[in-house]
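Asker: So that we are looking at the same thing, I have put the structure below in structure tokens.
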Amino acid sequence: MIDIATLTGACVIALGHHRSGLYTKEEALSEELLAAAQQALDPAWRMPLDEEYQESLKSNFADMTNTGGRSAGSITAACFLARFARGYPWAHLDIAGIAYKSGKEKGATARPVPLLMQFLTGRAG
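Position 93, counted from 1, in the sequence shown is what this note's numbering calls 968; the numbers after and before it change by one each time, with no gaps.
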């Protein structure tokens, strides 16, 4: 399963308007998506999704909190999503920095459609 969202402005701070943020613990899925991104000229960058980031989602009042604070914001947001995607291969693409253009040429970019088309075409064999 691959989910795509303009999830956090923190991803824009980390990667700017040039790359999608890729979050997954699945090595094979990561390699497939990064290869598709490169082939489609629609770059992505794998971000960490290590266990130590889970600590920021602990809550004194609930099972978990949906925000980890200011630091590592895009990573903790992806950690939150990962908790609902257990039992099957999962990846998240944070497209906050690439989905839109602003200024004189404002509008949608259609990204990461090229990446996803390349990925699906590769899977179809």
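The beta-carbon is built from N, C-alpha and C at its ideal position, and this holds for glycine as well.
Please name the residue, chosen from Gly-978, Leu-995, Glu-930 and Ala-974, that lies closest to Ala-985 on a Cα-to-Cα basis.
Answerer: Ala-974
Asker: Would you mind listing the beta strand (DSSP E) stretches within the region 893-947 that are 3+ residues and don't spill past its ends, in chain order?
Answerer: Listed in chain order, the complete beta strand (DSSP E) runs (minimum 3 residues) inside the region 893-947 are 895-898 and 919-921.
Asker: Between Ile-877, Ala-885, Thr-881 and Asp-917, which lies nearest to Thr-899 when the distance is taken from Cα to Cα?
Answerer: Among Ile-877, Ala-885, Thr-881 and Asp-917, the Cα nearest to that of Thr-899 is on Ile-877.
Asker: Excluding the 5 residues preceding and the 5 following Thr-881 in the sequence, name in chain order all residues of the same chain whose CB lies nearer than 6 angstroms to its CB.
Answerer: Ile-970, Ala-971 and Ala-974
Asker: Give a yes or no on contact between the region 896-914 and the region 928-938, applying the rule of three or more CB pairs nearer than 8 angstroms.
Answerer: no
Asker: Keeping to the same chain, check which residues put their C-beta closer than 7 angstroms to that of Gln-946; ignore five residues upstream and five downstream.
Answerer: Here the sequence assigns Ser to residue 946, which means Gln is not the residue at that position. Closer than 7 angstroms at the Cβ level, and outside the excluded window around Ser-946, lies no residue.
Asker: Measure the CB-CB distance between Ala-915 and Leu-908 and report whether it falls below 8 angstroms.
Answerer: No.
Asker: Thinking just about the alpha-carbon of each residue, which of Gln-993, Gly-1000 and Ala-983 is nearest to the one in His-892?
Answerer: Ala-983
Asker: In three-state terms, what does DSSP make of Lys-981?
Answerer: coil
Asker: Would Pro-987 pass as a contact of Ile-950 if the rule is Cβ separation under 8 angstroms?
Answerer: no
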